[in-house]
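Residue numbers (my numbering): 632 to 847. No residue lacks a Cβ here, since even glycine has one placed at the ideal position from N, Cα and C. Nothing here was measured: the structure is a model prediction, and the numbers come from that model. For reference, the structure is listed below as structure tokens.
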Ligand SMILES: C[S@@+](CC[C@H](N)C(=O)[O-])C[C@H]1O[C@@H](n2cnc3c(N)ncnc32)[C@H](O)[C@@H]1O
């Protein structure tokens with residue numbers, strides 16, 4: 632059965648919920664990434680958000696960060712209602728550089744024209760796809776990221792013996808990323824990581840026609 636992602640988003644509105652707390656961490660990391668990511672030759676930065684939901688982790692940060700309005704952002708979200716909410720929010724916030732695409736973020740072609748990006752958001756994705764797809768998506772990140780660009784990701788702790796975020800951290804390291812931050816609150820089951828590409832980026836066109844993941 633597919634999850635009700637509209638319902639899932641409602642937990643954001645419960646003050647103190649795990650999701651509301653996670654949101655604060657993700658937004659804080661994004662603010663830092665926007666400050667520290669190298670800008671492109673024209674001074675702007677670009678961002679790709681995979682499975683963007685209603686965009687609340689990205690849009691308010693772009694609206695209030697000094698460099699946020701110059702960011703060219705592509706948000707890819709499959710659900711038309713959530714994509715519509717993100718589009719409306721971007722409009723309300725006057726974020727002209729935000730392009731919300733209603734599409735399958737598992738297909739790299741949906742956002743490949745926005746790569747290489749200074750920030751890639753992979754929030755609420757890794758816990759919903761197979762281990763093979765997690766590996767494939769991590770392996771694709773050097774082709775989506777600009778040199779020195781950031782990846783911000785989340786993973787739930789789950790109920791397994793081994794915390795699945797450990798494999799994500801190891802995979803990112805293996806693919807040329809340095810860990811900048813990793814938060815695992817003792818009283819919550821979410822984990823938020825921020826990594827930076829320190830290896831040479833890989834040409835984005837390598838991902839043309841590739842499927843990175845499908846929600847399980
Ligand atoms: C766990 S939520 C995360 C939303 C957002 N990234 C956040 O952290 O608030 C997962 C989102 O992925 C979307 N989704 C599921 N499969 C997708 C796909 N193949 N392509 C794009 N979005 C997808 C769902 O509609 C849902 O909005």
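beta-carbon residue i near ligand 1 non-hydrogen atom, thresh 7 Å
i           : result
residue 639 : yes
residue 708 : yes
residue 635 : no
residue 651 : no
residue 704 : no
residue 881 : As displayed, the chain neither begins before 632 nor continues past 847, which places residue 881 out of reach and without an answer.
residue 642 : no
residue 755 : yes
residue 717 : no
residue 693 : no
residue 740 : no
residue 713 : yes
residue 737 : yes
residue 684 : yes
residue 730 : no
residue 673 : no
residue 688 : yes
Beta-ladder partner(s) of residue i, from DSSP
i           : result
residue 798 : Answer by DSSP bridge pairing: none, since residue 798 is not bridged.
residue 730 : 705
residue 842 : 738
Classification of residue i by the beta-carbon crowding that lies within 10 angstroms, buried from 16 upward
i           : result
residue 684 : buried
residue 775 : buried
residue 681 : buried
residue 639 : exposed
residue 716 : buried
residue 632 : In this predicted model, residue 632 has a pLDDT of only 44, less than 50, meaning its place in the structure is not dependable; the value taken from the coordinates is given anyway. Label assigned to residue 632: exposed.
residue 637 : exposed
residue 818 : exposed
residue 797 : exposed
residue 769 : buried
residue 764 : buried
residue 760 : buried
residue 635 : exposed
residue 723 : exposed
residue 720 : buried
residue 642 : exposed
Residue range of the unbroken alpha helix (DSSP H) whose run includes residue i
i           : result
residue 666 : 649 to 667
residue 849 : Residue 849 lies beyond the stretch modelled for the chain, which goes from 632 to 847, so this question has no answer here.
residue 683 : From DSSP, residue 683 is part of no alpha helix (DSSP H); its letter is neither H nor E.
residue 749 : Unbroken run through residue 749 is the beta strand (DSSP E), 748 to 753; no alpha helix (DSSP H).
residue 761 : Counting along the chain, residue 761 falls outside any alpha helix (DSSP H), and DSSP gives it neither H nor E.
residue 721 : 711 to 723
residue 693 : 690 to 695
residue 637 : 636 to 641
Beta strand (DSSP E) segment containing residue i, residue limits
i           : result
residue 814 : 808 to 814
residue 783 : 776 to 787
residue 827 : 821 to 828
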